[in-house]
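Note that the protein sequences, when read in sequence, are chains A and B.
Mapping the first sequence onto numbering that gives the first Met the number 0, position 338 (from 1) lands on 337, and the numbers just tick up by one.
Mapping the second sequence onto numbering that gives the first Met the number 0, position 490 (from 1) lands on 489, and the numbers just tick up by one.
Yeah, the Cβ is synthetic: ideal placement off N, Cα and C, and Gly gets one too.
Values in this document were obtained by computation on a predicted structure and should not be read as measured data.
The next block holds one structure in the form of structure tokens; read it before the comments.
There are 2 protein chains.
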Amino acid sequence: MKRIALVALALLAALVLVACGGAGPATPAASGLPADAAAVAQARGLTADDVYAAMKTYTPSGKLDPYIMIASGGQSGQVLVVGLPSMRILKVIGVFTPEPWQGYGFGGSGDAILAGGKVNGKEVLWGDTHHPSISETNGTYDGQFAFINDKANARLAVIDLRDFSTKQIIKNPNAINDHGGAFVTPNTEYVIEGPQYAAPLGWQYAPLDQYKEKYVGLVTLWKFDRLKGRVDPSQSFQIELPPYWQDLCDAGKGPSDGWFFCNSFNSELAVGGVELGQPPFEAGTTKNDTDYLHIFNWKKAAEVFQAGKAEKINGMAVIRLKTAIAEGLLYFSPEPKSPHGSDVTPGGEFIVVGGKLDPHVTIYSFDKIMAAIKAGELGKDQYGVPVIPLNQAMEAQVELGLGPLHTVFDDKGYAYTSLFLDSAVARWSLGGPYANKHPEKAWSLVQKLPVQYNIGHIAALEGDTATPGGQYVVALNKWSIDRFANIGPLLPQNFQLVDISKGGDQMKVLYDMPVGMAEPHYAQIIKAERLKPFEVYPEIGWNAETMSKDPNATLKQEDAKVVRTGNTVEIWMTVIRSHYVPEQVKVKKGDHVIWHLTSLERARDATHGFALSGYNINLSIEPGKTETIEFVADQAGTYSYFCTEFCSALHLEMLGYFLVEP
Amino acid sequence: MKRIALVALALLAALVLVACGGAGPATPAASGLPADAAAVAQARGLTADDVYAAMKTYTPSGKLDPYIMIASGGQSGQVLVVGLPSMRILKVIGVFTPEPWQGYGFGGSGDAILAGGKVNGKEVLWGDTHHPSISETNGTYDGQFAFINDKANARLAVIDLRDFSTKQIIKNPNAINDHGGAFVTPNTEYVIEGPQYAAPLGWQYAPLDQYKEKYVGLVTLWKFDRLKGRVDPSQSFQIELPPYWQDLCDAGKGPSDGWFFCNSFNSELAVGGVELGQPPFEAGTTKNDTDYLHIFNWKKAAEVFQAGKAEKINGMAVIRLKTAIAEGLLYFSPEPKSPHGSDVTPGGEFIVVGGKLDPHVTIYSFDKIMAAIKAGELGKDQYGVPVIPLNQAMEAQVELGLGPLHTVFDDKGYAYTSLFLDSAVARWSLGGPYANKHPEKAWSLVQKLPVQYNIGHIAALEGDTATPGGQYVVALNKWSIDRFANIGPLLPQNFQLVDISKGGDQMKVLYDMPVGMAEPHYAQIIKAERLKPFEVYPEIGWNAETMSKDPNATLKQEDAKVVRTGNTVEIWMTVIRSHYVPEQVKVKKGDHVIWHLTSLERARDATHGFALSGYNINLSIEPGKTETIEFVADQAGTYSYFCTEFCSALHLEMLGYFLVEP
């Protein structure tokens, strides 16, 4: 009897363990839901899936996110830095739009950077950022720089990931808008800026009835000088294209290194005019069943540029279309229908193109493209560009659903494509060298996961590099409708974190993240361990624009001074908890004021601000930074300057008086 | 034998239930941790507390946050809208700083609102927002409006909570900075804007050696016209004060309705000048053991203003200090040491003041203040203001720890004070009518909860109203140091969600939320159910600035047109998925262009953008909205305008050409 009871006991004890998924009742989470949490889950109506999702996204107080997403901010003009899996915004980087919290564009060094983005001499203080790109070494993110384009004005910005701040904005001298930027070549030799809506070169005037002859497409290869951390326009060049609307691009890697690929639309040469009885753009540009995948040999293009075969237009080297054709830099292949996206597989073997009005993605083989070019029996488009027939270039097509836009990859041989019209993420299986990584048939749809709603781009963990990860994809949804509390007619976007760690049809939505300050288009996700940001600036007196010691640094409080020369007053000021030196600055009305501020702080997070009342001036002075402002004291009166970053218990007392004598 | 085995089985079955906190293994969260979640918790090293916190903060995909926090954005110049308990940012409202995602200040209606904030005729396109205030009815949030001040330039903004957008910015004509704003009276009769650093009236020039005679403090009572949704300067007035630095204010309610209270510092009249061998401000302003709590009778002040006893200075009515004293509007009472915060208990009986350099909060009794005023045996400060001795006004002092700043309340008779130097939230028990709500001794410290790090303000669920809730407080921490992945020398702030639902010493930190685009000072948290925002604008052709039908609305696509009058070209355009009408706009160089755009959309979230390449123009056109832009086409060429909000599968095709003939 005893023996049987003991066996029963042992069996049931085992059952307890199985039932609870681990050890006894009072132990932490891994072995059973704590009583507090059980009560909360019940009270809040959480399902088992919710609990799972909560666990998977939760980053405990003080623990660091292992992945960092760098997302465009769309028409906010900025770039968002988001931690994963917590989906928390760590920073909104000021890029094309001034942002005073970080002191960007309000009197300090950001002013000169923003001035680089003038259009026709006019300040354009916003941008439509689209596609961020992290610098790469051997096709893998190296965590040093990020690049982003401004679709609205054809501009490119360089962000230094040592301090996650913008260092350069450059205006494309020959285009007025772009879309397919920024994309880097595998060793960041070039940053590719594709165009969008065709225009005459340098956006000169030409009527629309001269569209076919005078309007052009244009792709720009910006040479990146990694040592200087700047794009070098003198070593950059452009390639003239037919006035199709080149859209998204991706660089080859591995076997396809040296090439890049852009999708395009409007081979119809539509010019709109619904008010004139013509088809609206949305109809006119989608009439044809195919447009052209653009296939570029950038290594040969660089040689052509170096050989002086480019024309200078508005100071920029342009390889004209006829030269590009003659030199064999440019090939086309048809792509169905209303194409979007051009994404190269991790090993560089294939290019995936979506078709907004086609239920398939089309997969092109780089080998087949090369073979067709070598065979040389190609047709031509209306501008004389050689065209590789689709059946000669295509490896496969996979039917996914409605509105396939953009594709990323994982480490399990799967691809993930956003389906805008289906509001879904499609997981599908790759073929070729990837076929043995997954159990499914090659080139087949594996799962369609509904997302909420209208997904645009999709981002995966290093999912556009040679070495993708396999934990998460993020659905960058454009509409949120009913997903968040109502705060009026302008709704946030909805980023959804999707767990892709299990194969087959086991993708799950884990989390909804509203984005209520930006409309990100694309994002890249990097392992945090690849980043090596400064904790504080390397030394006292650091100029964050030049990333070197500032000649106007004030290294000791005793060296602070005010010097008048004629009607110029120059101030060398120190900043440390909790006072400025000097605390009284007296000038006369009309004086020209040059003011250098140096933080003497070395403690992490000991940032000070500097606001000057009545002026459009606010600085963020992180530990060690030197900033310079310059203005005319054009109004007599009593003003104050004060610290805008809550630095200490006596932060409110950190101020000075700026007295302007009449 | 069988019987015993069955008993053992039954007992163990019960044990399983207890061990798992409910039913069997495969059921949802409330009854046991799902296997997926258990594995994740173990893999991610989550403790039982982490699991609890994750459950408590998680808002499942598609469920709505029940609470909305409206937080200042500090030197970003904006206001943040955050859902609780998920701590997700739902919107960053453009207030003092232009923000293109929401089309604020880039050619549309926001331009005129921002122009209201000019200082000395100069555009100041940022602000240092400090204290948001939701409109109240009977001392409880009514969810209609929010107000926020700009410390850097003494400005006030009005936000309409029907569309969560800014409607008015007004410049204080007699002050150059403020701090203690915005605070509303219990029925939003007035919005109180307290000052900060003293200056001559209208910030005229006066040297610092005339500080005592010429510098003043100044509090402003902005009359709010609820029907118009605007502050009415003609019905507003100011009260001149001694040049102490008035800081934070709060309005009385219930028995103390009609009064308001501001703390102050710098009764020392320090003027800084460390470079001249004088004590720095941080020392000079903290020399005295006490400063003055300012006690205002605003109902009487309104009568004095109505009776014409105010002087007009720069167009604004000012009750001079001598009048305020003579009319019995203003009293002082000492407050220890380096005071910060002035917070009225939910029932209006007490005022709580923190002292940054005093370990106590000091609680003043409104009844005792009234009795002392009635008794009339008061001293005077150096400017003649009657002073109520501290021992006559004080109800209690509670020792909390280092750096008490600001206090909010709950529904359980507790107060919560932020301790900056201790980096802690102090929960303490109220006395008087609150003493029977909690088991603790009245006026005693109950718990000190560490937070990370350096908490400034603190916000509780409706915790500064007559009807506070009891679920959460949010610690608005100023430093985050090591709490988030490193993204360079400028670190985010850290909002921590604290569970206060259980009494006694059971407060818990649930969540860390980085704030990487703003440095919020104060926040208010409202129940979402009190808000009644529009889902779409009420009708096609809505002007969001005037909140009424726009005379330039275009109600049907057929009515779209372009009309030239001399060198003015006026365009009436319609906007709907996925085209603009017209799609071709032709002007001549130098033409003056007036462009009206009306969204014909009625579907929620069907927002369009409108960017004009090469111009500083971007609009957000929510369903039903009409916007107008105006500019000179000063450069010939070919430009495009396009939709910046990803609206549909053919969003990229939503564009037009803007042709400027030479």
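CB contact check: residue i to chain A, cutoff 9 Å
| i | result |
| --- | --- |
| G436 of chain B | Note on identity: in this sequence residue 436 of chain B is Lys, with Gly being the wrong assignment. Output row for K436 of chain B: interface = no. |
| V118 of chain B | yes |
| M512 of chain B | yes |
| S749 of chain B | As displayed, chain B neither begins before 0 nor continues past 661, which places residue 749 of chain B out of reach and without an answer. |
| P335 of chain B | no |
| E398 of chain B | no |
| N171 of chain B | no |
| H339 of chain B | yes |
| S612 of chain B | yes |
| N453 of chain B | yes |
| A181 of chain B | no |
| P241 of chain B | no |
| F533 of chain B | yes |
| V568 of chain B | no |
Cβ pair residue i, residue j closer than 9 Å
| i | j | result |
| --- | --- | --- |
| I499 of chain B | D421 of chain B | no |
| Q237 of chain A | A309 of chain A | yes |
| P254 of chain B | E348 of chain B | yes |
| L496 of chain B | I539 of chain B | no |
| D481 of chain A | G61 of chain B | yes |
| N476 of chain A | N453 of chain A | yes |
| F419 of chain A | K355 of chain A | yes |
| S619 of chain A | L489 of chain B | yes |
| T643 of chain B | F609 of chain B | yes |
| L63 of chain B | N485 of chain A | yes |
Pick from the options that is closest to residue i, judged by C-alpha positions
| i | options | result |
| --- | --- | --- |
| I67 of chain B | B:V118, B:Q203, B:T406, B:G142 | B:G142 |
| I362 of chain B | B:H339, B:K373, B:V384 | B:H339 |
| S164 of chain A | A:L418, A:V384, A:K121, A:V78 | A:V78 |
| P432 of chain A | A:L418, A:A423, A:Y413 | A:Y413 |
| G375 of chain B | B:L89, B:I92, B:V386, B:P84 | B:V386 |
| E626 of chain B | B:N617, B:D633, B:Q634 | B:N617 |
| H607 of chain A | A:P172, A:L654, A:D256 | A:L654 |
Residue i burial status per 10 Å Cβ neighbour count (16 or more: buried)
| i | result |
| --- | --- |
| M0 of chain B | In this prediction, M0 of chain B has a pLDDT of 37, which is less than 50 and means its spatial position is unreliable; what the coordinates show is noted afterwards. M0 of chain B should be labelled exposed. |
| E439 of chain B | buried |
| P467 of chain A | buried |
| Q195 of chain A | buried |
| L226 of chain B | exposed |
| S547 of chain A | exposed |
| R161 of chain B | buried |
| P99 of chain B | buried |
| A370 of chain B | exposed |
| G383 of chain A | exposed |
| Q305 of chain A | exposed |
| N152 of chain A | buried |
Interface flag, residue i vs chain B, CB-CB below 9 Å
| i | result |
| --- | --- |
| D633 of chain A | yes |
| N152 of chain A | yes |
| I147 of chain A | no |
| V445 of chain A | no |
| Q470 of chain A | no |
| H578 of chain A | yes |
- Message: Does the contact criterion of 3 or more C-beta pairs under 8 Å hold for the stretch 174-194 of chain A versus the stretch 211-228 of chain A?
- Response: The stretch 174-194 of chain A vs the stretch 211-228 of chain A: in contact.
- With contact counted as at least three CB pairs below 8 Å, one residue from each stretch, are the stretch 285-296 of chain A and the stretch 256-273 of chain A in contact? These segments touch.
- Query: Can at least three beta-carbon pairs, one atom from the stretch 526-545 of chain A and one from the stretch 105-113 of chain A, be found at a separation below 8 Å?
  - Reply: Cβ pair count under 8 Å is three or more, so yes.
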